[in-house]
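Below is one structure, written out as structure tokens; the observations come after it.
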Amino acid sequence: MLEEKIRIGIIGANATYGWSMRAHLPALQALPEYELAAVCTSSPETAAESAKAYGATLAFHDYREMVTHSDIDLVSVSVRVPLHHEMVLAAVEAGKHVFCEWPLGANLDEAQKYVFFGSGERRD
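Numbering-wise (the working numbering), the sequence shown opens with residue 1264 and increments by one.
Here is the structure:
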């Protein structure tokens, strides 16, 4: 059993629409090993609304700030597919664990880069 919870930050955690609110957030909130530490949306207003709705202590409107925050252990990427690649890479570069919705990237080339990046071999 884990002594400390895994602190999650969800990019795309909008409280009024999106896949994250229907699937990822309820699932993560039901698992005792995880704590929703932060939410990130594209505006300060929706980030604050989402943090309040889901009980997150931190709200961000810039994913780059969230992925580098010391209170985040795992980043969940739940946004439109064309944005997956840049957000996943930013989280990995920040030393975070990553959960990304399917598909991982907009094309095979983007998805294959994750394999090399995860192995410590960088291919831009």
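All residues carry an ideal CB built from backbone N, CA and C; glycine is no exception.
None of the values given here were measured: they were computed from a predicted structure.
Proximity of residue 1286 and residue 1316 at Cβ, strictly below 8 Å: no
In chain order, what residues of the same chain lie with their CB nearer than 8 Å to the CB of residue 1327, ignoring the 5 residues before and after it? 1353
Just the C-alpha distance for residue 1367 and residue 1338, rounded to the nearest angstrom, thanks. 14 Å
Is it a yes or a no for the region 1293-1301 touching the region 1267-1281, going by three-plus beta-carbon pairs under 8 Å? yes
If you draw a straight line from the alpha carbon of residue 1288 to that of residue 1357, how long is it in whole angstroms? 23 Å
In angstroms, rounded to a whole number, what distance separates the CA positions of residue 1403 and residue 1359? Since the first residue shown for the chain is 1264 and the last is 1387, residue 1403 is missing from the structure and cannot be characterised.
Express the C-alpha separation of residue 1378 and residue 1283 in angstroms, rounding to a whole number. Roughly 25 Å between the two C-alpha positions.
Across which residues does DSSP place residue 1272 in a beta bridge pair? 1301, 1338
Give the DSSP bridge partners of residue 1360, in chain order. 1337
Starting from residue 1314, follow the beta strand (DSSP E) in both directions and report where the run begins and ends. Not the beta strand (DSSP E): residue 1314 falls in the alpha helix (DSSP H), residues 1307-1317.
Does residue 1354 come out as helix, strand or coil in the three-state DSSP assignment? helix
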